[in-house]
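Undergrad:
2 protein chains.
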Amino acid sequence: MPKIVDHEKQKEKIAEAVWNVIHREGLEQCTVRKIAKEAGLSAGSLRHYFPNQSELLIYSMKLVTNRVKVRIENMRFTGTPAECIKQLLLQLLPADEERRLEMEAWFSFTAKSLSDPALRPLRKEMNEEIYSACKLAVETLSRSGAMPEMDAGEEIERLYALVDGLALHALLEPERITADKIDSVLTRQLNTLK
Amino acid sequence: MPKIVDHEKQKEKIAEAVWNVIHREGLEQCTVRKIAKEAGLSAGSLRHYFPNQSELLIYSMKLVTNRVKVRIENMRFTGTPAECIKQLLLQLLPADEERRLEMEAWFSFTAKSLSDPALRPLRKEMNEEIYSACKLAVETLSRSGAMPEMDAGEEIERLYALVDGLALHALLEPERITADKIDSVLTRQLNTLK
Numbered sequence: 001m002p003k004i005v006d007h008e009k010q011k012e013k014i015a016e017a018v019w020n021v022i023h024r025e026g027l028e029q030c031t032v033r034k035i036a037k038e039a040g041l042s043a044g045s046l047r048h049y050f051p052n053q054s055e056l057l058i059y060s061m062k063l064v065t066n067r068v069k070v071r072i073e074n075m076r077f078t079g080t081p082a083e084c085i086k087q088l089l090l091q092l093l094p095a096d097e098e099r100r101l102e103m104e105a106w107f108s109f110t111a112k113s114l115s116d117p118a119l120r121p122l123r124k125e126m127n128e129e130i131y132s133a134c135k136l137a138v139e140t141l142s143r144s145g146a147m148p149e150m151d152a153g154e155e156i157e158r159l160y161a162l163v164d165g166l167a168l169h170a171l172l173e174p175e176r177i178t179a180d181k182i183d184s185v186l187t188r189q190l191n192t193l194k
Numbered sequence: 001m002p003k004i005v006d007h008e009k010q011k012e013k014i015a016e017a018v019w020n021v022i023h024r025e026g027l028e029q030c031t032v033r034k035i036a037k038e039a040g041l042s043a044g045s046l047r048h049y050f051p052n053q054s055e056l057l058i059y060s061m062k063l064v065t066n067r068v069k070v071r072i073e074n075m076r077f078t079g080t081p082a083e084c085i086k087q088l089l090l091q092l093l094p095a096d097e098e099r100r101l102e103m104e105a106w107f108s109f110t111a112k113s114l115s116d117p118a119l120r121p122l123r124k125e126m127n128e129e130i131y132s133a134c135k136l137a138v139e140t141l142s143r144s145g146a147m148p149e150m151d152a153g154e155e156i157e158r159l160y161a162l163v164d165g166l167a168l169h170a171l172l173e174p175e176r177i178t179a180d181k182i183d184s185v186l187t188r189q190l191n192t193l194k
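In structure tokens form, the structure reads like this:
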């Protein structure tokens, strides 16, 4: 009987190998040969799934955005609106090792997108996802609280910048920006919205 | 009479060529051959200044940090403490084309530093520069204003994340994050400190 291969699982395994190679050696080292070795496959099998490096990179980044979306869809909120909003935004920050690896890959991809227009639509999709979460946060808190003379657009921009800046700092300085620090800085920022 | 060459000027010209190549083609394309062509030099002359690619990259990034420092040292402040603080922090944001090019190069370098430990000391130096500016901002505003029950360390972290997140968004979405938007978002953040 031929071995049954779950093709989606194989592709995810390859995408995770991309994240690992980015983590260890950087995005510029993501050759087909290295990724195949990391995933425990032959270069030929890898090419069966991804005919070229560009498709492989795009797929591995789509998997980052999908994982974030699935994580948010599967959340079960408890608590006040402010607490729920905080739980939602924490999904966008590298609070554990798994998310850290994804976000590190994502960050390298974002840098590459500055000079590679082909990567921009996918990057834009993720940015819009984060922006929407910040928009929801500001709108929810403004309905539940006071926020009398605030400009909602500006408040969204401000929260969006803080979330991405905090994610970046948590990647760069994990000893200083711990999960507790992320939580308290985010809480304080949300309090300035009320 | 032999031509007099200002060696520092030549090195700066080469470093600027690095920024241009990063902008157009990405950091992974910064080969000695390409940089030499961009700077209008032979590969041999370039190697005279920088024996290898790594030294060239480090120098070109040091120039980014130096330009930021010199820009801040040459500032002449006018206005209230809050206005002066805002002028200072705006130096750390890509408010014009020149700063944009520097910061784009810096951002690619930061991404590369995640997998290349040799680049980290220089990256850390720049991060500390930005952190110090945010610390000065929080301390100045807390002296001039009220800030009764605030945790200064947390406030610095929050401003630092906002400044870097805003810089990143201004690089990625220049049409949306205009100089005016940068100014108003920063003003609002500083107001939450008072």
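Residue numbers (full-length UniProt numbering), protein chains in the order written: chain A, 1 to 194; chain B, 1 to 194. Heads up, the beta-carbon is just placed ideally off N, CA and C, and yes, glycines get one too.
(1) Does DSSP put A/Ser45 in a helix, a strand or coil?
(2) Just to confirm, are A/Leu56 and A/Ile22 a CB contact at a threshold of 8 Å?
(3) Out of curiosity, what's the CA-to-CA distance linking residue 207 of chain A and A/Asn66?
(4) What's the call for B/Pro94, buried or exposed, on a 16-neighbour Cβ count within 10 Å?
(5) Strictly under 8 Å for the Cβ-Cβ distance: is B/Ser132 near chain A by that measure?
(6) Report the CB separation of B/Val185 from A/Glu157 in whole angstroms; it is logged as a contact under 8 Å.
(7) Does the beta-carbon of A/Ala17 have 16 or more other beta-carbons within 10 angstroms, so that it is buried, or is it exposed?
(8) Using 8 Å as the limit for Cβ to Cβ distance, is A/Tyr160 near chain B?
(9) Assign B/Gln189 to one of three DSSP states: helix, strand, or coil.
(10) Does A/Gly153 come out as helix, strand or coil in the three-state DSSP assignment?
(11) Does B/Leu56 get closer than 8 Å to chain A when you measure Cβ to Cβ?
(12) Tell me, please, whether the segment 101-117 of chain A touches the segment 98-117 of chain B by the rule of three or more beta-carbon pairs shorter than 8 Å.
(13) State yes or no: is the beta carbon of B/Asn127 nearer than 8 Å to at least one beta carbon in chain A?
(14) What is the rounded straight-line gap between the Cα of B/Lys37 and the Cα of B/Leu46?
(15) Decide if B/Ala161 is buried, meaning its Cβ has at least 16 other Cβ atoms within 10 Å, or exposed.
(16) Just to confirm my understanding: we take A/Ile182, look at its own chain, exclude 5 residues before and 5 after, and list those with CB closer than 8 Å. What are they?
(17) Give the list of continuous alpha helix (DSSP H) stretches no shorter than 4 residues that lie fully inside the segment 82-157 of chain B.
TA: Result, derived from the coordinates:
(1) A/Ser45 falls in the helix class under three-state DSSP.
(2) No, they are not a contact pair.
(3) Residue 207 of chain A is absent from the structure shown; chain A starts at 1 and stops at 194.
(4) It counts as buried.
(5) Taking Cβ atoms only, chain A never reaches closer than 8 Å to B/Ser132, which makes this a no.
(6) In this structure, B/Val185 and A/Glu157 form a Cβ contact; the two beta carbons are roughly 5 Å apart against a cut-off of 8 Å.
(7) The residue is buried, with at least 16 neighbouring Cβ atoms inside 10 Å.
(8) With respect to chain B, the C-beta atom of A/Tyr160 has a partner C-beta closer than 8 Å.
(9) Three-state DSSP puts B/Gln189 in a helix.
(10) Correct three-state label for A/Gly153: helix.
(11) With 8 Å as the cut-off, B/Leu56 does not count as an interface residue toward chain A.
(12) They touch, by the three-pair rule.
(13) Closer than 8 Å: yes.
(14) When only Cα atoms are considered, B/Lys37 and B/Leu46 end up about 10 Å apart.
(15) So B/Ala161 counts as buried.
(16) Around A/Ile182: Leu90, Leu93, Ala95, Leu166 and Ala170.
(17) The segment 82-157 of chain B contains these whole alpha helix (DSSP H) runs: 97-113 and 120-144.
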